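Colleague:
There are 4 protein chains.
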Amino acid sequence: MKTPTKRDEILQAALELIAEHGFHGAPMAMIAEKAGVGAGTIYRYFETKDVLIRQLFEELKAKIMAALLAGHPTGKPARERFSHLWKVLFRYLVANPLHHRYMEQYHNSPYGVAQHRDRLLNKPDEQDPIRSLFEEGIEQQILKDLPIMVMFSLAFGPLFGLIQDQLNGFIEMDDALIEKTVGACWDGLKR
Amino acid sequence: MKTPTKRDEILQAALELIAEHGFHGAPMAMIAEKAGVGAGTIYRYFETKDVLIRQLFEELKAKIMAALLAGHPTGKPARERFSHLWKVLFRYLVANPLHHRYMEQYHNSPYGVAQHRDRLLNKPDEQDPIRSLFEEGIEQQILKDLPIMVMFSLAFGPLFGLIQDQLNGFIEMDDALIEKTVGACWDGLKR
Amino acid sequence: MKTPTKRDEILQAALELIAEHGFHGAPMAMIAEKAGVGAGTIYRYFETKDVLIRQLFEELKAKIMAALLAGHPTGKPARERFSHLWKVLFRYLVANPLHHRYMEQYHNSPYGVAQHRDRLLNKPDEQDPIRSLFEEGIEQQILKDLPIMVMFSLAFGPLFGLIQDQLNGFIEMDDALIEKTVGACWDGLKR
Amino acid sequence: MKTPTKRDEILQAALELIAEHGFHGAPMAMIAEKAGVGAGTIYRYFETKDVLIRQLFEELKAKIMAALLAGHPTGKPARERFSHLWKVLFRYLVANPLHHRYMEQYHNSPYGVAQHRDRLLNKPDEQDPIRSLFEEGIEQQILKDLPIMVMFSLAFGPLFGLIQDQLNGFIEMDDALIEKTVGACWDGLKR
DNA sequence: GATGAATGAGCGTTCATTCAT
DNA sequence: GATGAATGAACGCTCATTCAT
Numbered sequence: 051m052k053t054p055t056k057r058d059e060i061l062q063a064a065l066e067l068i069a070e071h072g073f074h075g076a077p078m079a080m081i082a083e084k085a086g087v088g089a090g091t092i093y094r095y096f097e098t099k100d101v102l103i104r105q106l107f108e109e110l111k112a113k114i115m116a117a118l119l120a121g122h123p124t125g126k127p128a129r130e131r132f133s134h135l136w137k138v139l140f141r142y143l144v145a146n147p148l149h150h151r152y153m154e155q156y157h158n159s160p161y162g163v164a165q166h167r168d169r170l171l172n173k174p175d176e177q178d179p180i181r182s183l184f185e186e187g188i189e190q191q192i193l194k195d196l197p198i199m200v201m202f203s204l205a206f207g208p209l210f211g212l213i214q215d216q217l218n219g220f221i222e223m224d225d226a227l228i229e230k231t232v233g234a235c236w237d238g239l240k241r
Numbered sequence: 051m052k053t054p055t056k057r058d059e060i061l062q063a064a065l066e067l068i069a070e071h072g073f074h075g076a077p078m079a080m081i082a083e084k085a086g087v088g089a090g091t092i093y094r095y096f097e098t099k100d101v102l103i104r105q106l107f108e109e110l111k112a113k114i115m116a117a118l119l120a121g122h123p124t125g126k127p128a129r130e131r132f133s134h135l136w137k138v139l140f141r142y143l144v145a146n147p148l149h150h151r152y153m154e155q156y157h158n159s160p161y162g163v164a165q166h167r168d169r170l171l172n173k174p175d176e177q178d179p180i181r182s183l184f185e186e187g188i189e190q191q192i193l194k195d196l197p198i199m200v201m202f203s204l205a206f207g208p209l210f211g212l213i214q215d216q217l218n219g220f221i222e223m224d225d226a227l228i229e230k231t232v233g234a235c236w237d238g239l240k241r
Numbered sequence: 051m052k053t054p055t056k057r058d059e060i061l062q063a064a065l066e067l068i069a070e071h072g073f074h075g076a077p078m079a080m081i082a083e084k085a086g087v088g089a090g091t092i093y094r095y096f097e098t099k100d101v102l103i104r105q106l107f108e109e110l111k112a113k114i115m116a117a118l119l120a121g122h123p124t125g126k127p128a129r130e131r132f133s134h135l136w137k138v139l140f141r142y143l144v145a146n147p148l149h150h151r152y153m154e155q156y157h158n159s160p161y162g163v164a165q166h167r168d169r170l171l172n173k174p175d176e177q178d179p180i181r182s183l184f185e186e187g188i189e190q191q192i193l194k195d196l197p198i199m200v201m202f203s204l205a206f207g208p209l210f211g212l213i214q215d216q217l218n219g220f221i222e223m224d225d226a227l228i229e230k231t232v233g234a235c236w237d238g239l240k241r
Numbered sequence: 051m052k053t054p055t056k057r058d059e060i061l062q063a064a065l066e067l068i069a070e071h072g073f074h075g076a077p078m079a080m081i082a083e084k085a086g087v088g089a090g091t092i093y094r095y096f097e098t099k100d101v102l103i104r105q106l107f108e109e110l111k112a113k114i115m116a117a118l119l120a121g122h123p124t125g126k127p128a129r130e131r132f133s134h135l136w137k138v139l140f141r142y143l144v145a146n147p148l149h150h151r152y153m154e155q156y157h158n159s160p161y162g163v164a165q166h167r168d169r170l171l172n173k174p175d176e177q178d179p180i181r182s183l184f185e186e187g188i189e190q191q192i193l194k195d196l197p198i199m200v201m202f203s204l205a206f207g208p209l210f211g212l213i214q215d216q217l218n219g220f221i222e223m224d225d226a227l228i229e230k231t232v233g234a235c236w237d238g239l240k241r
């Protein structure tokens, strides 16, 4: 455990304020204050507010990807890998509600115009366990033969909606319910 | 066809500008100009910009609900009703991309903090064909026995993601693909 | 005598502050206050501070040109026309010291990089009594055969230096001394 | 040739940046970087930016004075001494355009409010070849009997304008033209 | 009712200066 | 002595809102 750098403090402050109040509800001066630095200091680490917002997005994306890859049961059956991925992502976002809210705001704003939820899980230049899972499953005729994009939405579209509901207190997904829901998503995908 | 009132022109101008440029990319003066009215005139119809944004949301929500109810095959089997609802909603949002983008921005912003996508389809004080469909289906043991919220997400979560992809040009959902996708969503719901 | 418009008040306030304190010693807020308007009001009349500075320059230039042309003894001998022009310009700048200081600051700044003192007196697309005077005098072999640019500097270079001195209180040019000085400049020009 | 000290490097960097971009286009951090020193280091040599700007002015003034005095044909006729001074100054400024641009910016800014071009050539507490030339010439009735200030402007006012024109590429003063121009200035001075 | 000129608080950003290392 | 990260006051500019016409 290293002590957080000034850059980290700024990113954390920005995350908290933007997740809660939106991009224009988080003035640079407020971010600076929350981070415990001078207003000008932010600009030593981030050229503009836009750059700060974009880099924060990249950091969060990387953390989520890392969570997805950690402990991935490579080599196990498709059904098991799917279940693992789905649950890891669900639990990550429930455990990190600010990350979720930030990502959602980012995607639905001019910043994220060219980037999309699915993109997040679909960088072809990286090892992507989700894409491989789908491609493999389709080839082996375990899964329905639908475009990858449709597969993504069938698999993870329900997840994002349920995260919202859980974070907003409309539902409490316990392990049993999560398990059932993963099963239902899989039913949508499989032949 | 009635000629649009000044209020309508303002709402339409706000819709176009906000859907494209976001809330803070649409100054009141710009909305006024696009609507062909004076800047001060907006305040005769909407107390503040916040109120305008909120009322526009309500109007769009009402229009979508109206579309969902129009031509609904009451009395037909659950599977058929589901398919109808899903396709009507999909086609409505593809045909009205500004509505979709506005709703998404609204939901993922401080404005929409207390309102949610599922809420949109879940006002218990209205006749709600979706809720009845799910409740009925569960009772008749056609559908999985899951909380209504989970059912909603399983059913319509994939839809919103696919709308984004379609609007962003990443996929072209033709009638056949839509049909298959509805089928896959149904597979996720049914026992 | 019409009452000055808001635009005029802003230009006048800018002239006074910039002439005395320089471009960066005259914040927009200070100009606004001196002009008796709100800070934002300036931007209804001038897109940016740069535009304000440039338009003020153009206004002053036009006023000086107008003064030069008013009462010009067209048709009179070259010597007499020269004397008239020189004295009118001298007196105008002494009477309007802010104009002088503003013009000098403008010329010696990135704003005026492409514009020059001589340019001021040398717009070939306007009727230019100075240029005609020189061209005519050279042709008639009254004046030395030197490039027009050199003629300008010989004729008016001394003037600007003397204006500075007078405004700074280092010298008091009375009518007799002005007359002698014009004569000396003419001696420099003539064959 | 001694290696330049840190102080010299700072002054040189300031000269280049300010001459090209103006006082407010040359932040201390940029000057430091160009000089190859730390931002704080400048403050070991110059108390504030203002002091740096003023001391740079003094250094340049001293260099110009030195150039004027070097090789001065003391004892030769007034006409020859004048010609020498004029040409030395002209060539110095053409050869050192940054010096010229810096001096001009300085004079026409709040910094130079109390200092003036003529002052540059008129420090009574130094040996001043120009002042002596004029005083002597007037006494010997070679030159017009005008105040020294007027003599200065008649003699050197044209020079500064022509330097600008030359540096801006509007004129190319070759030796012959320089000679003629010196002659014209002399014609303005002499009886 | 309708207008749009006017407002000024508040924003993102810069930069002269300081000071711990 | 030298550094450069950190500071925060001050800048140019925007825009939701008001109000005299």
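Chains as they are written, first to last, in my numbering: chain A, 51 to 241; chain B, 51 to 241; chain C, 51 to 241; chain D, 51 to 241. A virtual CB, placed ideally from N, CA and C, is assigned to each residue, including glycine. Since this is a predicted model, take the numbers as computed values, not measurements.
Using 8 angstroms for Cβ pairs, my map puts Ala63 of chain A next to Ile81 of chain A. What's the rounded Cβ distance?
Modeller: 5 angstroms
Colleague: Given a cut-off of 8 angstroms, decide if Ile228 of chain D and Phe140 of chain D are closer than it, judged by their beta-carbon atoms.
Modeller: yes
Colleague: Would a check of beta-carbon distances place Ile188 of chain B closer than 8 angstroms to chain A?
Modeller: no
Colleague: With a cut-off of 8 angstroms, does the C-beta of Thr231 of chain B fall near any C-beta of chain A?
Modeller: yes
Colleague: Check whether the Cβ of Leu193 of chain D sits closer than 7 angstroms to any heavy atom of the ligand SAH, and report yes or no.
Modeller: No copy of the ligand SAH appears in this structure; indeed no ligand is present at all.
Colleague: What number of angstroms, rounded off, separates the C-alpha of Met246 of chain C from the C-alpha of Gly233 of chain C?
Modeller: Absent from the structure is residue 246 of chain C, since the part of chain C shown begins at 51 and ends at 241.
Colleague: Along chain D, which residues have their Cβ under 7 angstroms away from the Cβ of Glu154 of chain C?
Modeller: Asn158
Colleague: Please report the distance separating the alpha-carbon of Asp215 of chain B from that of Glu130 of chain A.
Modeller: 27 angstroms
Colleague: Mind pulling the chain D residues with CB within less than 8 angstroms of Ala234 of chain C?
Modeller: One finds Lys194, Leu196, Val200, Leu204, Gly238 and Leu239 in chain D with Cβ atoms closer than 8 angstroms to the Cβ of Ala234 of chain C, taken in chain order.
Colleague: So, is the C-beta of Phe210 of chain C closer than 8 angstroms to a C-beta in chain D?
Modeller: yes
Colleague: Relative to the C-alpha of Trp136 of chain A, which residue among A:Pro147, A:Ser182, A:Arg151 and A:Leu209 is closest?
Modeller: A:Leu209
Colleague: Counting only Cβ pairs nearer than 9 angstroms, list the residues of chain D close to His122 of chain C.
Modeller: Simply none; closest approach about 23 angstroms.
Colleague: Could you pull out every residue in the same chain whose Cβ sits closer than 7 angstroms to the Cβ of Gly219 of chain D, ignoring the five residues on either side in sequence?
Modeller: none
Colleague: Cys235 of chain C and Gly211 of chain D: beta carbons closer than 8 angstroms?
Modeller: no
Colleague: Tell me the residue span of the alpha helix (DSSP H) that contains Tyr142 of chain C.
Modeller: Ala128 to Ala145
Colleague: Can you tell me which of the three DSSP states Phe220 of chain C falls into?
Modeller: coil
Colleague: Helix, strand or coil: how does DSSP classify Asp175 of chain D here?
Modeller: In this prediction, Asp175 of chain D scores a pLDDT of 45, lower than 50, which makes its location untrustworthy; no coordinate-derived value is stated.
Colleague: Applying the criterion that 16 or more other CB atoms from any shown protein chain within 10 Å of the CB defines a buried residue, is Thr55 of chain C buried or exposed?
Modeller: exposed
Colleague: Is the Cβ-Cβ distance between Ile103 of chain B and Ala85 of chain B less than 8 angstroms?
Modeller: no
Colleague: Span of the alpha helix (DSSP H) holding Gln191 of chain A?
Modeller: Unbroken run through Gln191 of chain A: none, as it is neither H nor E.
Colleague: Give me the Cα-Cα distance between Leu110 of chain B and Leu118 of chain B, rounded to the nearest whole angstrom.
Modeller: 12 angstroms
Colleague: Suppose contacts are defined by Cβ-Cβ distances below 8 angstroms. Is His149 of chain A in contact with Ile114 of chain A by that definition?
Modeller: yes
Colleague: Buried or exposed for Lys194 of chain A, please, with buried defined as at least 16 other CB atoms from any protein chain shown within 10 angstroms of its CB.
Modeller: buried
Colleague: In chain B, which residues lie less than 7 angstroms from Gly72 of chain A when you measure between Cβ atoms?
Modeller: Ser159 and Pro160
Colleague: Determine the burial state of Thr53 of chain A: buried for a count of at least 16 other Cβ atoms within 10 Å of its Cβ, exposed for fewer.
Modeller: exposed
Colleague: State buried or exposed for Gly207 of chain A, treating a residue as buried only when at least 16 other CB atoms are found within 10 Å of its CB.
Modeller: buried
Colleague: Within the continuous alpha helix (DSSP H) that includes Thr91 of chain B, where are the two ends?
Modeller: From DSSP, Thr91 of chain B is part of no alpha helix (DSSP H); its letter is neither H nor E.
Colleague: From what residue to what residue does the alpha helix (DSSP H) around Ala116 of chain D run?
Modeller: Lys99 to Leu119
Colleague: For Ala226 of chain B, does the count of other Cβ atoms within 10 angstroms reach 16, so buried, or fall short, so exposed?
Modeller: With fewer than 16 Cβ atoms within 10 Å of its Cβ, Ala226 of chain B is classed as exposed.
Colleague: Rounded to the nearest angstrom, what separates Leu217 of chain B and Arg241 of chain B at their Cα positions?
Modeller: 32 angstroms
Colleague: Tell me which residues share the same chain as Glu66 of chain C and place their Cβ nearer than 8 angstroms to its Cβ, disregarding the 5 neighbours each side in the sequence.
Modeller: Cβ within range, chain order: Lys84 and Leu148.
Colleague: Could you say which of A:Gly121, A:Arg57, A:Pro123 and A:Ala112 lies nearest to Ile92 of chain A if we only look at CA atoms?
Modeller: A:Arg57
Colleague: Got a sec: is the Cβ-Cβ distance from Gly125 of chain B to anything in chain A below 8 angstroms?
Modeller: no
Colleague: Report the residues of the segment 78-103 of chain B with a CB closer than 7 angstroms to any CB of chain A, ordered along the chain.
Modeller: none
Colleague: Hey, would you say Gly72 of chain A sits closer than 8 angstroms to Pro160 of chain B, going by beta carbons?
Modeller: yes
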